[in-house]
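Contents: one structure, followed by commentary.
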Amino acid sequence: MASAIDTANPEHRVRRDPRDPGIDRQAAYRREVRRGGWPLGSRLGRLIVILNLLGLAILIGGALVLNESSQGQVKARQESLNLQGQLIANVIDQTATVGEPEPSLQGDTAAGVLQSLFIPKSQRARLYDVKGHLLADSLLVTDRVDASLLPPARRPGHHRASLFGFKVFSQTKQADVARLALATEVAGALGGNPVSGVRVDEDGQRVVSVSVPIRHVRAVLGVLTLESGGMQAIIAAERTALIPFILIAIGVALLSSLMLTQLIAVPVLRLARAADRVRLSRARAIELPDLAGRDDELGDLTRSLEAMTQALSDRMTAIERFAADVSHELRNPMTSIRSAVETLDLVKTEAQRQRLVSILHHDVGRLDRLITDISNASRLDAELARNAPTPMDVARQLSDICDFYQATGKPADARVTFIAPATSEPMMVVGREGPLGQVFRNLVDNARSFSPPEGEVRVSVVRARDEVLVRVDDDGPGVPPDNLETVFERFYTSRPKGAAFGGNSGLGLAIARQIIETHGGRIWAENRLKDGQVIGASFRIALPLA
């Protein structure tokens, strides 16, 4: 199917067929860039990554916020216990320290001071001397009574364990670990520096503990240990506070799954069903306008499928028209041959017989040319697909073709002259040398067939911006203005008066246009004018510069 030509500017005509896949090369290039980049360069890729990371980010953010909050609570409680312990240690130092220059701690006095102080029930205070012996325990002097099951009876030979000089009974491994952690903390405080941390007590509860040395000037006389429970409540509150974040993350995950299903899975399924409809109902094209309007990869896929099926439909239509045209063109010589054969037995003179035989020879030759050109036209697509385009110098090829015509031309034929470009720079295009050479030869043959014997066919090539322009001018009668476009249609064989009928198949220019358009170029015809009179035809080709 021939494309409409913009005749306002012959040098820069463009195709107006909206179904032409090359009509929007920039959009196609953008789609190629979007498809070939890394995942975050894709709209759907970014959407998938963002939605999948959103729920995880909510969980991580919630955990970090709650962890920071719990750490802040622990730190605040440690600072409070440390300040409280410093005050109590100063009171004990002022009231229960005797002896100069070697001071010592009076255990009974210090225990009495500790008993006289108010210790909240949520806290526990223990006082140790410099050897690690337990002097006082707020849990033993409070009015709170904690009831628990008695431990199992000790086996014979089970000895008491001593830790820093104070006597304790080893009940369970957990209790031993708790006592060891307490002894380590007390030993660290006896070194002269406060020690704080979170540890597990004998009941298996996590507590915040601070051990403060009791100092008189520079001498360490004992250790005061303060511990505060409630860590289990903090952990429980932290876990409870994490529940909203978990629920939000689950909701985001479900929402993202639904969105991805609606945005990707459902459209892909629609495309698959549309393709099945095309296959089962033998439709010519696939149409999903709502998906084609999307500005993402699925929109690109839909538009590509629509363009592909439309191109296939156009190809099928062209094949059907080509078959109809071939049938029509073959029928004419076949009808003439049948009529001549049927009449051959009826003629009575030798002159009439020779005339019929001459008609038969002419029609057979015409039929042979038609079949040859039809065969070449039908194989053209396969040949173009089989041969990959390569860089080639159009000026050199045109010069070789013109030299061949000059060497093999007969005196009665029009001369073929090549007008070399003004510059010696190669006129490089990316194309297939064989098919493009066929186009140039078709144009030269067509120009010679219309030129008078004393005429001249001039072939020239120039560079115009980003294109290479090829011109083939003749001195013939020109092309009727109404047929400047129809000369490129198949089987168009309008000839000037006096030309032999049936000498051309009418496929040469149609094949030339098909080859040129396959190479991304343009071909058109013009009349050469002088003083308003037509002095010949000019066929022009524009190919993109390599």
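First residue of the sequence shown: 3, per the working numbering; consecutive thereafter.
A virtual CB, placed ideally from N, CA and C, is assigned to each residue, including glycine.
Burial state of residue i, where buried means 16 or more other Cβ atoms lie within 10 Å
i, result
"Val-51", "exposed"
"Phe-406", "exposed"
"Asp-278", "exposed"
"Asp-292", "exposed"
"Thr-2", "Because the chain is modelled from 3 through 548, residue 2 falls outside the range shown and cannot be assessed."
"His-521", "buried"
"Thr-319", "exposed"
"Glu-528", "buried"
"Ala-514", "buried"
"Gln-28", "A caution first: Gln-28 carries a pLDDT of 46, below 50, which makes its placement in the model unreliable, though a value can still be read off. When all chains shown are included, Gln-28 counts as exposed."
"Lys-532", "exposed"
"Val-270", "exposed"
"Gly-367", "exposed"
"Gln-535", "exposed"
"Ser-140", "buried"
"His-363", "exposed"
"Thr-351", "exposed"
"Asp-110", "exposed"
"Leu-389", "The displayed chain sequence assigns Asn, not Leu, to residue 389. Result: exposed."
"Glu-331", "buried"
"Ser-360", "exposed"
The alpha helix (DSSP H) enclosing residue i, as first and last residue numbers
i, result
"Asp-118", "Looking at the sequence provided, one finds Ser at residue 118 rather than Asp. Unbroken alpha helix (DSSP H) run through Ser-118: 109-118."
"Ser-283", "268-283"
"Ala-138", "Ala-138 -> not in any alpha helix (DSSP H); beta strand (DSSP E) instead, spanning 136-139."
"Glu-102", "That residue, Glu-102, is in no alpha helix (DSSP H); it is neither H nor E in DSSP."
"Ile-517", "510-520"
Residue span of the beta strand (DSSP E) that contains residue i, given as start and end
i, result
"Gly-538", "535-546"
"Thr-263", "Here Thr-263 belongs to no beta strand (DSSP E), and DSSP marks it neither H nor E."
"Lys-532", "524-532"
"Val-474", "469-475"
C-beta contact flag for residue i and residue j at 8 Å
i, j, result
"Ile-518", "Val-470", "no"
"Met-394", "Val-446", "no"
"Ala-523", "Ala-544", "Before going on, a small fix: residue 523 reads as Gly here, not Ala. Contact: yes."
"Glu-229", "Ser-211", "yes"
"Leu-547", "Asp-468", "yes"
"Ala-177", "Leu-137", "no"
"Gly-194", "Val-214", "no"
"Glu-308", "Ala-342", "no"
"Thr-227", "Val-202", "no"
"Ala-397", "Val-459", "no"
"Ile-403", "Arg-434", "no"
"Leu-83", "Phe-247", "no"
"Val-200", "Gly-190", "no"
"Gly-457", "Gly-480", "no"
"Ser-329", "Asp-365", "no"
"Ile-216", "Val-225", "yes"
"Val-132", "Leu-192", "yes"
"Val-461", "Val-418", "yes"
"Val-93", "Val-115", "yes"
"Gly-57", "Ala-243", "no"
"Leu-369", "Leu-358", "no"
One or two residues paired with residue i in a DSSP bridge
i, result
"Ala-127", "Leu-228"
"Ser-341", "Ser-341 pairs with nothing; no bridge assigned."
"Ala-466", "Glu-469"
"Ser-106", "Val-100"
"Val-93", "Partner(s): none; Val-93 has no beta bridge."
"Arg-460", "Thr-419, Asp-475"
Short CB-CB distance (under 8 Å) between residue i and chain B
i, result
"Val-536", "Absent here is chain B; the protein component of the structure consists of one chain."
The ligand SAH heavy atom lying under 7 Å from the CB of residue i
i, result
"Leu-49", "Of ligands this structure carries none, so the ligand SAH is not represented either."
What are the complete alpha helix (DSSP H) segments, minimum 4 residues, inside the stretch 371-457?
-> Here the runs fully enclosed are 396-410, 435-452.
Beta strand (DSSP E) runs wholly inside the stretch 173-229, at least 3 long, in chain order | The stretch 173-229 contains these whole beta strand (DSSP E) runs: 197-202, 208-218.
Beta strand (DSSP E) segments (min. 3 residues) lying fully within the stretch 303-330 | Within the stretch 303-330, no complete beta strand (DSSP E) run reaches 3 residues.
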